[in-house]
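A short write-up of the structure that comes next.
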Amino acid sequence: MPAENDIDDLDAFADLWDDDEQQVRPVNWDALDADELHDAWMQLDRWVTWLRSTYGLPATVVPPLWHRHPELQWELSALHIHWQSAYDPGGHGSAPHGWHRDLVDAIARLRDWTAASGSRLDRDRPTRQTPWPGEPPPPVRPDLPIHDRAADFADHLAAQVNARRALSDTAFATDTQELS
Numbered sequence: 001m002p003a004e005n006d007i008d009d010l011d012a013f014a015d016l017w018d019d020d021e022q023q024v025r026p027v028n029w030d031a032l033d034a035d036e037l038h039d040a041w042m043q044l045d046r047w048v049t050w051l052r053s054t055y056g057l058p059a060t061v062v063p064p065l066w067h068r069h070p071e072l073q074w075e076l077s078a079l080h081i082h083w084q085s086a087y088d089p090g091g092h093g094s095a096p097h098g099w100h101r102d103l104v105d106a107i108a109r110l111r112d113w114t115a116a117s118g119s120r121l122d123r124d125r126p127t128r129q130t131p132w133p134g135e136p137p138p139p140v141r142p143d144l145p146i147h148d149r150a151a152d153f154a155d156h157l158a159a160q161v162n163a164r165r166a167l168s169d170t171a172f173a174t175d176t177q178e179l180s
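Numbering (UniProt numbering), first residue to last: 1 to 180.
This is how it looks when you write it as structure tokens:
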């Protein structure tokens, strides 16, 4: 049974269904422009906070710095889209039951990926990569303490958006040069 908390008001997510023409669609994080990326990250972070609070998910399932691990980002994003579809006012009445069944599967995957990543409640490190034969070994990075999750998310969000904006600016400059 979901735990009571201050984020349990589903009205906070009402903006997801303001537009009757809007359909819930999967998010391809690699294809978003900088503004879309910002909005998607903010919406996902808000929803993950609601999810972990409502269902009492421990840091072994959703660690504080989940946003720094692409495998967790993609899984949580897929789960979020599934939740939006399941709770769409125009959806089928049994869809929430299917979502809860799939949540159990997702929790198992999240637990496995969190364990493999090495992210914990109080410290984090980038997910370790195994080099294939002929590839150089990746740098070994130490675990870093987590002091302020919200500040880390804000820093990560700014870096992601700035990198996407720079990538977009580079693509625009290249396109402009080709037209000259």
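All C-beta atoms, glycine included, are put in the ideal place defined by N, C-alpha and C.
Computed from a prediction, not measured in an experiment: that's the story for all the values here.
Query raised in the report: Are the Cβ atoms of Leu-44 and Leu-76 separated by less than 8 Å?
Result: Yes, they are a contact pair.
**Report entry** Helix, strand or coil at Arg-120 according to DSSP, with G and I counted as helix
**Finding:** If DSSP states are grouped into helix, strand and coil, Arg-120 belongs with coil.
Query - Straight-line gap, Asp-152 to Gly-93 (C-alpha atoms, nearest Å) - result: The straight-line gap separating the alpha-carbon atoms of Asp-152 and Gly-93 is approximately 38 Å.
**Report entry** Limits of the unbroken alpha helix (DSSP H) element including Gln-23
**Finding:** Annotation: Gln-23 is outside any alpha helix (DSSP H) and is labelled neither H nor E by DSSP.
Query - Chain-order list of residues whose beta-carbon lies under 7 Å from that of Ile-81 (same chain, five-residue window excluded) - result: Spatial neighbours of Ile-81 in its own chain (CB-CB distance under 7 Å, excluding positions within 5 residues in sequence) are listed in chain order as Val-24, Pro-26 and Val-27.
Query raised in the report: In its own chain, which residues sit with a C-beta less than 6 Å from the C-beta of Val-61, not counting the 5 before and 5 after it?
Result: Excluding residues within five positions, the ones whose Cβ falls inside 6 Å are Ile-107, Leu-110 and Arg-111.
**Report entry** Ser-168, buried or exposed, once every other Cβ within 10 Å from all chains shown has been counted against 16
**Finding:** Ser-168 is exposed by the Cβ-count criterion.
Query raised in the report: With respect to the alpha helix (DSSP H) encompassing Gln-84, which residues constitute its N-terminal and C-terminal limits?
Result: Taken as a continuous stretch (DSSP letters only), the alpha helix (DSSP H) holding Gln-84 covers 70 to 86.
Requested in this report: Determine the direct distance from the alpha carbon of Trp-29 to that of Arg-128, and round the result to whole angstroms.
Outcome: Arg-128 and Trp-29: Cα-Cα distance of roughly 21 Å.
Query raised in the report: If you compare alpha carbons, which of Gln-73, Asp-33, Pro-142 and Ala-34 is closest to Val-48?
Result: Among Gln-73, Asp-33, Pro-142 and Ala-34, the Cα nearest to that of Val-48 belongs to Gln-73.
Report task. Decide yes or no for the touch test of the region 139 to 151 against the region 83 to 98: beta carbon pairs closer than 8 Å, at least 3 of them. Result -> In short, these stretches do not touch, since the Cβ pair count stays below three.
Report task. Could you spell out where the alpha helix (DSSP H) holding residue 183 opens and where it closes? Result -> Since the first and last residues shown for the chain are 1 and 180, residue 183 lies out of range.
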